[in-house]
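Visitor: In the working numbering, each residue's number is its place in the sequence shown (first place is 1) plus 579.
Mind having a look at this structure? Questions to follow.
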Amino acid sequence: MRKTGWAVSGGIESADVKELQHSDSGPAAQQCTDDVPAPVRWSRGARTLKAGLSTAVVLCVATTLVHVVLVFLHVAPANTVSKRYSPLINAWVYPFFEQNWRLFAPDPESVNRQILARTAHTDSSGSVRVSAWFDLTAVDHSAVRHDPFPSHTAQNLLRRAWTCYVDSHGGDDKAHTERALMMQRYLRNIAADRVAAHSGGTFDFIQLRVVTLPIAASGPGVGRASGNRPPTPVENRLLPWWKVTPHGE
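Laid out in C-alpha coordinates, this is it:
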(Lines of atoms letter the chains of each structure in order from A; the text may use other names.)
(Lines give C-alpha, C1' and ligand atoms only; values in the text may rest on other atoms or scores of the structure.)
Protein backbone atom coordinates (compact mmCIF):
# COMPACT_ATOMS: atom_id res chain seq x y z
CA MET A 580 0.00 0.00 0.00
CA ARG A 581 2.77 2.40 0.75
CA LYS A 582 4.42 1.65 -2.55
CA THR A 583 1.18 2.17 -4.43
CA GLY A 584 0.35 5.32 -2.52
CA TRP A 585 3.78 6.66 -3.24
CA ALA A 586 3.40 5.95 -6.94
CA VAL A 587 0.01 7.65 -7.11
CA SER A 588 1.30 10.58 -5.18
CA GLY A 589 4.31 10.84 -7.48
CA GLY A 590 2.05 10.68 -10.53
CA ILE A 591 -0.15 13.45 -9.21
CA GLU A 592 2.86 15.61 -8.47
CA SER A 593 4.24 15.02 -12.00
CA ALA A 594 0.92 15.99 -13.50
CA ASP A 595 0.81 19.12 -11.37
CA VAL A 596 4.32 20.07 -12.47
CA LYS A 597 3.50 19.58 -16.16
CA GLU A 598 0.30 21.58 -15.80
CA LEU A 599 2.18 24.35 -14.02
CA GLN A 600 4.87 24.43 -16.69
CA HIS A 601 2.21 24.49 -19.39
CA SER A 602 0.36 27.29 -17.67
CA ASP A 603 3.59 29.29 -17.21
CA SER A 604 4.71 28.97 -20.82
CA GLY A 605 1.31 29.38 -22.45
CA PRO A 606 -0.38 32.75 -22.00
CA ALA A 607 2.79 34.57 -20.93
CA ALA A 608 4.72 33.40 -23.96
CA GLN A 609 1.80 34.27 -26.18
CA GLN A 610 1.66 37.74 -24.68
CA CYS A 611 5.38 38.34 -25.31
CA THR A 612 4.99 37.22 -28.89
CA ASP A 613 2.14 39.66 -29.41
CA ASP A 614 4.25 42.56 -28.10
CA VAL A 615 6.95 42.15 -30.85
CA PRO A 616 6.10 44.46 -33.82
CA ALA A 617 5.84 42.84 -37.20
CA PRO A 618 8.49 43.85 -39.77
CA VAL A 619 7.39 46.70 -42.07
CA ARG A 620 7.03 45.59 -45.66
CA TRP A 621 7.40 48.24 -48.39
CA SER A 622 5.10 47.95 -51.33
CA ARG A 623 6.55 47.90 -54.81
CA GLY A 624 5.33 51.46 -55.50
CA ALA A 625 6.89 52.79 -52.30
CA ARG A 626 10.21 51.11 -53.09
CA THR A 627 10.16 52.58 -56.60
CA LEU A 628 9.41 56.06 -55.24
CA LYS A 629 12.19 55.79 -52.69
CA ALA A 630 14.66 54.67 -55.34
CA GLY A 631 13.59 57.52 -57.62
CA LEU A 632 14.04 60.12 -54.89
CA SER A 633 17.46 58.74 -54.01
CA THR A 634 18.51 58.86 -57.66
CA ALA A 635 17.26 62.45 -58.01
CA VAL A 636 19.20 63.54 -54.92
CA VAL A 637 22.38 61.90 -56.20
CA LEU A 638 22.00 63.55 -59.61
CA CYS A 639 21.39 66.97 -58.04
CA VAL A 640 24.45 66.67 -55.82
CA ALA A 641 26.61 65.47 -58.73
CA THR A 642 25.39 68.30 -60.99
CA THR A 643 26.07 70.86 -58.27
CA LEU A 644 29.60 69.58 -57.77
CA VAL A 645 30.30 69.63 -61.51
CA HIS A 646 28.91 73.17 -61.76
CA VAL A 647 31.04 74.43 -58.86
CA VAL A 648 34.20 72.84 -60.28
CA LEU A 649 33.67 74.19 -63.81
CA VAL A 650 32.83 77.71 -62.61
CA PHE A 651 35.87 77.65 -60.32
CA LEU A 652 38.10 76.70 -63.25
CA HIS A 653 36.49 79.50 -65.27
CA VAL A 654 37.23 82.25 -62.74
CA ALA A 655 40.57 80.85 -61.56
CA PRO A 656 43.84 82.01 -63.10
CA ALA A 657 44.90 80.13 -66.21
CA ASN A 658 46.35 76.73 -65.37
CA THR A 659 47.01 73.38 -67.00
CA VAL A 660 43.57 71.97 -66.23
CA SER A 661 41.62 75.03 -67.39
CA LYS A 662 43.63 75.23 -70.61
CA ARG A 663 43.17 71.55 -71.38
CA TYR A 664 39.42 71.54 -70.76
CA SER A 665 38.74 75.07 -72.00
CA PRO A 666 36.14 74.02 -74.64
CA LEU A 667 34.21 72.00 -72.06
CA ILE A 668 34.34 74.81 -69.49
CA ASN A 669 33.21 77.46 -71.98
CA ALA A 670 30.38 75.25 -73.25
CA TRP A 671 29.07 74.89 -69.69
CA VAL A 672 29.58 78.46 -68.50
CA TYR A 673 28.43 80.45 -71.54
CA PRO A 674 26.02 82.13 -71.83
CA PHE A 675 23.93 81.46 -68.71
CA PHE A 676 26.61 81.08 -65.99
CA GLU A 677 29.12 83.64 -67.17
CA GLN A 678 31.16 85.27 -64.42
CA ASN A 679 32.59 88.76 -64.85
CA TRP A 680 35.34 88.40 -62.28
CA ARG A 681 38.55 86.49 -61.70
CA LEU A 682 40.15 85.01 -58.61
CA PHE A 683 43.17 87.03 -57.45
CA ALA A 684 43.10 89.14 -60.63
CA PRO A 685 40.36 91.79 -60.82
CA ASP A 686 39.76 93.28 -64.25
CA PRO A 687 38.26 96.76 -63.81
CA GLU A 688 36.93 98.71 -66.74
CA SER A 689 39.52 101.10 -68.22
CA VAL A 690 37.24 102.71 -70.82
CA ASN A 691 33.66 103.87 -71.18
CA ARG A 692 31.59 102.51 -74.03
CA GLN A 693 28.62 104.29 -75.49
CA ILE A 694 26.34 101.97 -77.47
CA LEU A 695 23.92 103.60 -79.87
CA ALA A 696 21.35 102.11 -82.23
CA ARG A 697 19.34 103.22 -85.22
CA THR A 698 16.64 101.43 -87.16
CA ALA A 699 15.43 101.21 -90.73
CA HIS A 700 11.97 100.48 -92.09
CA THR A 701 10.75 99.90 -95.62
CA ASP A 702 7.29 101.34 -96.19
CA SER A 703 4.65 100.22 -98.66
CA SER A 704 6.05 102.45 -101.42
CA GLY A 705 9.45 100.80 -101.18
CA SER A 706 11.28 103.75 -99.67
CA VAL A 707 13.55 103.15 -96.68
CA ARG A 708 13.33 105.39 -93.64
CA VAL A 709 16.30 105.47 -91.26
CA SER A 710 15.86 106.75 -87.71
CA ALA A 711 18.23 108.91 -85.72
CA TRP A 712 20.76 107.37 -83.37
CA PHE A 713 19.30 106.29 -80.04
CA ASP A 714 21.66 106.12 -77.03
CA LEU A 715 21.10 102.76 -75.33
CA THR A 716 23.83 103.33 -72.76
CA ALA A 717 22.26 106.60 -71.62
CA VAL A 718 19.02 104.74 -70.88
CA ASP A 719 20.91 102.29 -68.64
CA HIS A 720 22.75 105.12 -66.88
CA SER A 721 19.52 106.98 -66.17
CA ALA A 722 18.00 103.81 -64.72
CA VAL A 723 20.99 103.25 -62.42
CA ARG A 724 21.61 106.86 -61.36
CA HIS A 725 20.13 107.79 -57.96
CA ASP A 726 18.82 104.25 -57.50
CA PRO A 727 20.10 102.66 -54.26
CA PHE A 728 19.25 99.18 -55.56
CA PRO A 729 19.82 99.20 -59.32
CA SER A 730 18.86 96.10 -61.23
CA HIS A 731 21.42 93.73 -62.67
CA THR A 732 19.77 94.11 -66.08
CA ALA A 733 20.27 97.87 -66.18
CA GLN A 734 23.87 97.60 -65.01
CA ASN A 735 25.31 94.71 -66.95
CA LEU A 736 23.04 93.21 -69.61
CA LEU A 737 23.94 95.46 -72.54
CA ARG A 738 27.55 95.94 -71.48
CA ARG A 739 28.21 92.24 -71.05
CA ALA A 740 26.46 91.43 -74.31
CA TRP A 741 28.85 93.74 -76.14
CA THR A 742 31.89 92.32 -74.33
CA CYS A 743 30.88 88.78 -75.27
CA TYR A 744 30.31 89.90 -78.85
CA VAL A 745 33.82 91.35 -79.06
CA ASP A 746 35.34 88.25 -77.45
CA SER A 747 33.67 85.96 -79.98
CA HIS A 748 34.15 88.16 -83.07
CA GLY A 749 37.33 90.12 -82.44
CA GLY A 750 37.73 92.95 -84.93
CA ASP A 751 35.68 91.12 -87.56
CA ASP A 752 31.90 91.41 -87.49
CA LYS A 753 31.42 88.08 -89.26
CA ALA A 754 30.34 85.13 -87.11
CA HIS A 755 32.80 82.30 -87.74
CA THR A 756 31.63 80.02 -84.91
CA GLU A 757 28.32 78.90 -83.48
CA ARG A 758 28.94 80.84 -80.28
CA ALA A 759 29.78 83.99 -82.26
CA LEU A 760 26.48 83.69 -84.11
CA MET A 761 24.64 83.17 -80.83
CA MET A 762 26.24 86.26 -79.26
CA GLN A 763 25.42 88.30 -82.37
CA ARG A 764 21.75 87.36 -82.08
CA TYR A 765 21.86 88.00 -78.34
CA LEU A 766 23.19 91.54 -78.79
CA ARG A 767 20.81 92.23 -81.67
CA ASN A 768 17.76 91.10 -79.68
CA ILE A 769 18.70 93.20 -76.64
CA ALA A 770 19.15 96.31 -78.76
CA ALA A 771 15.94 95.69 -80.71
CA ASP A 772 13.92 95.20 -77.53
CA ARG A 773 15.33 98.39 -75.99
CA VAL A 774 14.56 100.47 -79.09
CA ALA A 775 11.08 98.99 -79.47
CA ALA A 776 10.29 99.69 -75.81
CA HIS A 777 11.22 103.39 -76.10
CA SER A 778 10.22 104.29 -79.64
CA GLY A 779 7.29 101.97 -80.24
CA GLY A 780 7.71 102.19 -84.01
CA THR A 781 7.97 99.46 -86.60
CA PHE A 782 11.37 98.62 -88.05
CA ASP A 783 12.93 95.82 -90.06
CA PHE A 784 16.66 96.42 -89.57
CA ILE A 785 18.85 97.65 -86.75
CA GLN A 786 22.42 98.93 -86.68
CA LEU A 787 24.70 99.54 -83.71
CA ARG A 788 27.52 102.00 -83.24
CA VAL A 789 29.90 101.67 -80.31
CA VAL A 790 31.99 104.66 -79.24
CA THR A 791 34.84 103.83 -76.88
CA LEU A 792 36.00 106.70 -74.68
CA PRO A 793 38.93 106.72 -72.25
CA ILE A 794 38.15 107.27 -68.59
CA ALA A 795 39.19 110.79 -67.71
CA ALA A 796 41.98 111.12 -65.18
CA SER A 797 41.13 112.63 -61.83
CA GLY A 798 43.14 115.03 -59.76
CA PRO A 799 43.76 118.75 -59.17
CA GLY A 800 44.50 120.73 -62.30
CA VAL A 801 43.45 117.99 -64.68
CA GLY A 802 40.36 119.87 -65.91
CA ARG A 803 42.31 123.12 -66.48
CA ALA A 804 45.07 121.32 -68.37
CA SER A 805 42.65 119.71 -70.78
CA GLY A 806 40.54 122.82 -71.17
CA ASN A 807 37.43 120.85 -70.16
CA ARG A 808 37.38 119.29 -73.61
CA PRO A 809 35.50 116.01 -74.04
CA PRO A 810 37.76 112.98 -74.33
CA THR A 811 38.75 111.90 -77.82
CA PRO A 812 37.16 108.57 -78.80
CA VAL A 813 39.58 105.69 -78.87
CA GLU A 814 37.36 103.71 -81.22
CA ASN A 815 34.20 104.42 -83.20
CA ARG A 816 32.95 101.06 -84.44
CA LEU A 817 30.02 100.80 -86.82
CA LEU A 818 28.38 97.39 -87.03
CA PRO A 819 26.51 96.09 -90.08
CA TRP A 820 22.75 96.24 -90.49
CA TRP A 821 20.97 93.26 -88.93
CA LYS A 822 17.60 91.93 -89.96
CA VAL A 823 14.98 91.76 -87.21
CA THR A 824 11.36 90.71 -87.07
CA PRO A 825 8.71 93.45 -87.29
CA HIS A 826 8.43 95.80 -84.29
CA GLY A 827 11.83 94.56 -83.13
CA GLU A 828 10.40 91.39 -81.63
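Beta carbons: idealized from backbone N, C-alpha and C, even for Gly.
Taking just the CA atoms, how far does Ala795 sit from His653?
Guide: Counting from 1 along the sequence shown, the entry for residue 653 is found at position 74. Counting from 1 along the sequence shown, the entry for residue 795 is found at position 216. One C-alpha to the other measures close to 32 Å.
Visitor: Could you say if the region 685–705 and the region 714–722 meet the contact criterion of at least three C-beta pairs nearer than 8 Å?
Guide: Counting Cβ pairs under 8 Å, three or more are found: they touch.
Visitor: With a CB to CB cut of under 7 Å and the five nearest residues on each side skipped, what residues in its chain are close to Thr791?
Guide: Stepping through the sequence shown from its first residue, residue 791 is reached at position 212. Val690, Arg692, Pro812, Val813 and Glu814, listed in sequence order.
Visitor: Could you tell me the alpha carbon to alpha carbon distance between Ser730 and Arg764, rounded to whole angstroms?
Guide: Here residue 730 refers to the residue found at position 151 when the sequence shown is read from its first residue. Here residue 764 refers to the residue found at position 185 when the sequence shown is read from its first residue. C-alpha separation (whole angstroms): 23 Å.
Visitor: In angstroms with no decimal places, state the Cα-to-Cα distance between Tyr664 and Pro656.
Guide: Position 85 of the sequence shown holds residue 664. Position 77 of the sequence shown holds residue 656. Each residue's Cα considered, the two are about 14 Å apart.
Visitor: Could you pull out every unbroken alpha helix (DSSP H) segment of at least 4 residues lying fully inside the region 634–707, listed in chain order?
Guide: Correct list: 659–663 and 665–672.
Visitor: Under 7 Å Cβ to Cβ from Ala733, same chain only, skipping five residues before and after it: list those, please.
Guide: Here the question's residue 733 lines up with position 154 in the sequence shown. Taken in chain order, the residues that qualify are Asp719, Ala722 and Val723.
Visitor: The beta strand (DSSP E) that contains Gln786, what's its start and end?
Guide: Position 207 of the sequence shown, counting from 1, holds the residue named residue 786. Segment Phe784 to Pro793, the beta strand (DSSP E) holding Gln786.
Visitor: Can you check whether the CB of Arg788 is closer than 8 Å to the CB of Trp712?
Guide: Translated into positions along the sequence shown, residue 712 becomes position 133. Translated into positions along the sequence shown, residue 788 becomes position 209. In this structure, Arg788 lies closer than 8 Å to Trp712 by Cβ.
Visitor: Select from Thr698, Gly624 and Val709 the residue whose C-alpha is nearest the C-alpha of Arg538.
Guide: With the chain running from 580 to 828 in the structure shown, residue 538 is simply not present.
Visitor: With hydrogens ignored, establish whether the beta-carbon of Leu766 is closer than 7 Å to any heavy atom of the ligand FMN.
Guide: This structure does not include the ligand FMN; it has no bound ligands of any sort.
Visitor: For Tyr744, which residues of its own chain have a beta-carbon under 6 Å away from its beta-carbon, when the five flanking residues on both sides are left out?
Guide: Residue numbering aside, residue 744 sits at position 165 when the sequence shown is read from its first letter. Met762 and Leu766.
Visitor: Are Leu638 and Val672 close, meaning C-beta to C-beta below 8 Å?
Guide: Stepping through the sequence shown from its first residue, residue 638 is reached at position 59. Stepping through the sequence shown from its first residue, residue 672 is reached at position 93. Not in contact: Leu638 and Val672 (Cβ atoms no closer than 8 Å).
Visitor: If you measure between the beta carbons of Pro674 and Asp752, is that distance less than 8 Å?
Guide: One-based indexing of the sequence shown puts residue 674 at position 95. One-based indexing of the sequence shown puts residue 752 at position 173. It is not a contact, given that the beta carbons lie outside the stated cut-off.
Visitor: Within its chain, find whatever has a CB closer than 8 Å to the CB of Ser778; leave out the 5 residues flanking it on each side and keep chain order.
Guide: Against the sequence shown, residue 778 aligns to sequence position 199. Here the set comprises Thr698, Ser710 and Phe713.
Visitor: Looking only at its own chain, which residues have a Cβ that is under 6 Å from the Cβ of Leu817, when we skip the five neighbours before and after it?
Guide: As a first step, residue 817 is located in the sequence shown; it is residue number 238 there, counting from the start. Around Leu817: Arg788.
Visitor: Roughly how many angstroms lie between the CA atoms of Ala625 and Gly631, to the nearest whole one?
Guide: Sequence index remark: in the sequence shown, residue 625 carries index 46 (1-based). Sequence index remark: in the sequence shown, residue 631 carries index 52 (1-based). Whole-angstrom Cα-Cα distance: 10 Å.
Visitor: If you follow the beta strand (DSSP E) that Leu760 is part of, which residue opens it and which one closes it?
Guide: Start at 1 with the first residue of the sequence shown, and residue 760 comes out as number 181. It is not in any beta strand (DSSP E) - Leu760 instead sits in the alpha helix (DSSP H) that spans Glu757 to Ser778.
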